[in-house]
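See structure below.
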Amino acid sequence: MRRLDAEAIERELSRLGASLGRPLSVAVETASTNDDARSAAAAGAPHGAAFLADAQTRGRGRGGRAWHSPPGENLYLSVVLRPGLPASGVSPIALVMGLALASVVERRLAPARRPSAPGERAALDVRLKWPNDVLVGGRKLAGILVEAQLRGESVSSVIVGVGLNVGTRSFPPELSARATSLALLGVDDVPREVLAAELLQALGDAAMRFEAGGLAPFADDLARLDWLRGRHVEVAGVAGVAAGIDPAGHLLIRGADGVLRRVAAGEVSVASG
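The opening position of the sequence shown corresponds to residue 1 in full-length UniProt numbering, with each subsequent residue numbered one higher.
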């Protein structure tokens, strides 16, 4: 197993001119990089502080679900943001971070997206599943976990956690039908250090655009990558056909009665077939 090289990440961050990633902490193993980042933020860690680990023993996604975190294969990364935003305006940042992650994946998959048969391109299409999952060919490649710390009406810090499946070629049985990795998609020649730096650069650029203009600058990409649109879904007791994402980041669902409803948060169930 080759461990993450902190110096190699630092070199890539400098080459890219990334705004995030310093100070940088790289651990052999940790319980959760999000927990590390949250503790550091509470102790005063600055905007941009990043935490990576070769393995997590208690990695998690939304809702506290365990995140498959084997050693030496993937990227487990969390970063501290200190945006100048009111508490009421921070929730769409999960979508923005998901788009940033998707952009890195799209660039890395581009050489493999030259189909020799009509169905092959669809197998490599990158999509964002509201609110925070990156899918390729309908299988989960990566996820974002955003945890905000509020101080009254202002945001003290936002922890953005990323789990990106890079080198895993064999998933546990309960994940094998719905998860994938860059290696399984034909991208197996990019060092994790390079991917980490690219992610931090993309996340930093997206965070600055979001702080300046909210969700509006991302509307076209949200519409283009929206995996749920047109699918029959149920979330937070609302059922119907997903009809896009509104300017506040809410999922739009058109019910059987024709009424368009907005859902701010919840776990999405997608009807099969």
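Using N, Cα and C, we set each Cβ at its ideal position, and we do this for glycine too. It should be emphasised that the depicted structure is a prediction, and the values quoted were computed from it without experimental measurement.
Legend entry - Beta-carbon contacts of A256 that lie in its chain and below 7 Å, excluding the five residues immediately before and after: Start at 1 with the first residue of the sequence shown, and residue 256 comes out as number 256. Contacts found: G240.
Inset, instruction - Count the other CB atoms, across all protein chains shown, that sit within 10 Å of the CB of E73; report buried if there are 16 or more and exposed otherwise. - result: Within the sequence shown, residue 73 is the residue found at index 73, counting from 1. Buried.
Inset, instruction - Using a threshold of 7 Å, state whether the C-beta atoms of residue 274 and R139 are closer than that. - result: There is simply no residue 274 to check, as the chain begins at 1 and stops at 273 in what is shown.
Inset, instruction - Note down, in chain order, each residue of its chain lying with its Cβ closer than 6 Å to the Cβ of S103, except the 5 sequence neighbours on either side. - result: For the purposes of this step, residue 103 is identified with residue 103 of the sequence shown, where counting begins at 1. The answer, listed in chain order, is A202.
Inset, instruction - For A8, decide whether its Cβ has a neighbour in chain B, counting only Cβ atoms nearer than 7 Å. - result: Chain labels in this structure do not include chain B; a single protein chain is all it has.
Legend entry - Own chain, CB closer than 7 Å to L135, minus 5 neighbours either side, in chain order: Residue 135 sits at position 135 when you count from the first residue of the sequence shown. Excluding positions up to five away in sequence, the list reads R127, K129, L141, W227.
Legend entry - Distance between L182 and D188 (C-alpha atoms, nearest Å): Position 188 of the sequence shown, counted from the first residue, corresponds to residue 188. Position 182 of the sequence shown, counted from the first residue, corresponds to residue 182. Roughly 7 Å between the two C-alpha positions.
Inset, instruction - Could you please give me the residues that DSSP links to F51 through a beta bridge? - result: Position 51 of the sequence shown, counted from the first residue, corresponds to residue 51. According to DSSP, F51 bridges with S25, S78.
Inset, instruction - Please classify A37: does DSSP put it in a helix, a strand, or coil? - result: Here residue 37 refers to the residue found at position 37 of the sequence shown. A37 falls in the helix class under three-state DSSP.
Inset, instruction - Would you check if there are 3 or more beta carbon pairs closer than 8 Å linking the region 28-42 to the region 210-228? - result: no
Legend entry - Candidates A236, R107, A206, S25: closest to L99 by CA position: On the sequence shown, residue 99 is found 99 positions in, with the first residue counted as 1. Of A236, R107, A206, S25, the residue nearest in Cα terms is A206.
Legend entry - Same chain, Cβ closer than 8 Å to V259, five either side skipped, listed in chain order: Counted from its first residue, the sequence shown places residue 259 at position 259. So the list is empty, once near-sequence residues are dropped.
Legend entry - S157 - DSSP class collapsed to helix/strand/coil: Along the sequence shown, read from residue 1 onward, the residue named residue 157 stands at position 157. S157: strand per DSSP, three-state reduction.
Inset, instruction - Output the boundary residues of the alpha helix (DSSP H) element that contains D133. - result: If you number the sequence shown from 1, residue 133 lands on position 133. Looking at the DSSP string, D133 is not in any alpha helix (DSSP H); the run it does join, the beta strand (DSSP E), is 133-136.
Legend entry - For S32, the three-state DSSP class (helix, strand or coil): The sequence position of residue 32 within the sequence shown is 32, counting from 1. Note: S32 maps to coil in three-state DSSP.
Legend entry - DSSP-derived helix/strand/coil call for A236: Within the sequence shown, residue 236 is the residue found at index 236, counting from 1. For A236, the three-state secondary structure derived from DSSP is coil.
Inset, instruction - Have a look at L24 and D133 and give me their C-alpha separation to the nearest angstrom. - result: Position 24 of the sequence shown, counted from the start, is the residue given in the question as residue 24. Position 133 of the sequence shown, counted from the start, is the residue given in the question as residue 133. Approximately 25 Å between the Cα atoms of the pair.
Inset, instruction - Tell me whether the beta-carbon of P131 lies closer than 7 Å to the beta-carbon of L95. - result: Reading the sequence shown from its first residue, position 131 is the one you call residue 131. Reading the sequence shown from its first residue, position 95 is the one you call residue 95. Cβ distance < 7 Å, so P131 and L95 count as in contact.
Inset, instruction - Count the other C-beta atoms from every protein chain shown that fall within 10 angstroms of the C-beta of M97, then say buried if there are 16 or more, exposed otherwise. - result: Locating residue 97 in the sequence shown gives position 97, where the first residue counts as 1. Flag for M97 reads buried.
Inset, instruction - Find out if the Cβ-Cβ distance for the pair I245, L222 is shorter than 7 Å. - result: As a first step, residue 245 must be located in the sequence shown, where it is residue number 245. As a first step, residue 222 must be located in the sequence shown, where it is residue number 222. A contact, by the Cβ cut-off of 7 Å.
Inset, instruction - Return the CA-CA distance between F7 and S19, expressed in angstroms with no decimal places. - result: Mapped onto the sequence shown, residue 7 falls at position 7. Mapped onto the sequence shown, residue 19 falls at position 19. In the sequence as displayed, the identity of residue 7 is Glu instead of Phe. Approximately 17 Å, taken between the alpha carbons.
Inset, instruction - Report yes if the CB atom of R82 is closer than 7 Å to the CB atom of S157, and no otherwise. - result: The residue labelled residue 82 in the question sits at position 82 within the sequence shown. The residue labelled residue 157 in the question sits at position 157 within the sequence shown. Yes.
Inset, instruction - Would you kindly check if the distance between the Cβ of V90 and the Cβ of V155 is under 7 Å? - result: Here residue 155 refers to the residue found at position 155 when the sequence shown is read from its first residue. Here residue 90 refers to the residue found at position 90 when the sequence shown is read from its first residue. Cβ distance < 7 Å, so V155 and V90 count as in contact.
Inset, instruction - Would you list the residues sitting across from V270 in a DSSP beta bridge? - result: Here residue 270 is taken as the residue at index 270 of the sequence shown, counted from 1. Paired residues: V233.
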